[in-house]
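Student: In our numbering, the protein residues as written are -9 to 224. Each residue gets a CB set at the ideal place from its N, CA and C atoms; glycine is no exception.
(1) Whose CA, out of 127, 132, 177, lies closest to the CA of residue 146?
(2) Nearest-angstrom Cα distance between residue 208 and residue 75?
(3) Quick one: Cα of residue 9 to Cα of residue 107, how far?
(4) What does a CB cutoff of less than 7 Å around residue 67 pick up in its chain, not counting 5 residues either side in sequence?
(5) Hey, could you find the ends of the alpha helix (DSSP H) residue 95 is sitting in?
(6) Within the chosen definition, does the segment 87 to 105 reach the segment 116 to 125 through at least 3 CB pairs nearer than 8 Å?
(7) Can you check which of these residues, 43, -4, 216, 130, is closest to residue 98 by C-alpha distance?
(8) Using 9 Å as the threshold, is the C-beta distance between residue 142 and residue 11 below it?
(9) When the Cα atoms are used, what is the spatial distance from residue 180 to residue 159?
(10) Just tell me which of 205, 187, 153, 96 has its CA closest to the CA of residue 169.
(11) Determine the extent of the alpha helix (DSSP H) in which residue 27 is found, giving its start and end residues.
(12) Quick one: which unbroken beta strand (DSSP E) runs of 3-plus residues sit fully inside the segment 86 to 152? Chain order, please.
(13) Please report the straight-line C-alpha distance between residue 2 and residue 118, rounded to a whole angstrom.
(14) Have a look at the DSSP bridge pairing and note the partners of residue 84.
(15) Taking the Cβ atom as the reference point for each residue, do residue 61 and residue 199 lie within a distance shorter than 9 Å?
(16) Is it right to say residue 228 is buried, meaning 16 or more other beta carbons lie within 10 angstroms of its own, or is it exposed?
(17) Could you tell me if residue 43 is buried or exposed, where buried requires 16 or more neighbouring beta carbons within 10 angstroms of its beta carbon?
(18) Applying the criterion that 16 or more other CB atoms from any shown protein chain within 10 Å of the CB defines a buried residue, is residue 0 buried or exposed?
(19) Would you decide whether residue 144 is buried or exposed? Buried here means 16 or more other CB atoms lie within 10 Å of its CB.
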């Protein structure tokens, strides 16, 4: 194992290090689009559809269910969202799962345009393409809301769409919406420690998570196109 860098993208953004964050977002989105397109063509290549470490997350009655039920307490509505989430499938490809700015290291030798290294592949699986896009988008939107919009998220989503070989269709968009809501709910439990989020910010994002879950489940494309991930819809 070789050394890749001493600062991650989350830290760089929070500290306002002098980088072109839109360029960084575009480079990562372009890379992810090419990676996922190649992964679709290659197939599982030995990777499980669900990483064994994530079974308790995805299995019925597991952590995914509990997250949705915590966000939407009404049993009938949460059950409907869960049915939609499981019925709506984006294409499968190689995914890192824990794919977000925190797990992108920046080389200190790269100046204002450092080399980028995507790390933390322990949970890699032949998973849904929309999952990695939603995970990255969640951390990026929270960072931009707190520290200022530097064009990183829009550039990431725009470059991903342009380089993902037609992976993005309406099912992908709806699933990305639901997974954005799911991951906002997931991370808000630890957001004060992870991102320095205040109580008010946590409350705001929890409400936003519910909106994403409902919009994705109900194919409310008008909401999704006007949301933080709207650039993904073209």
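Tutor: Per the coordinate set shown:
(1) 127
(2) 10 Å
(3) 15 Å
(4) none
(5) Run containing residue 95: none in the alpha helix (DSSP H); it sits in the beta strand (DSSP E), 94 to 96.
(6) yes
(7) -4
(8) yes
(9) 32 Å
(10) 205
(11) 11 to 32
(12) 94 to 96, 106 to 108, 115 to 118
(13) 29 Å
(14) 116
(15) yes
(16) Only positions -9 to 224 of the chain appear in this structure, which leaves residue 228 out of reach.
(17) exposed
(18) buried
(19) buried
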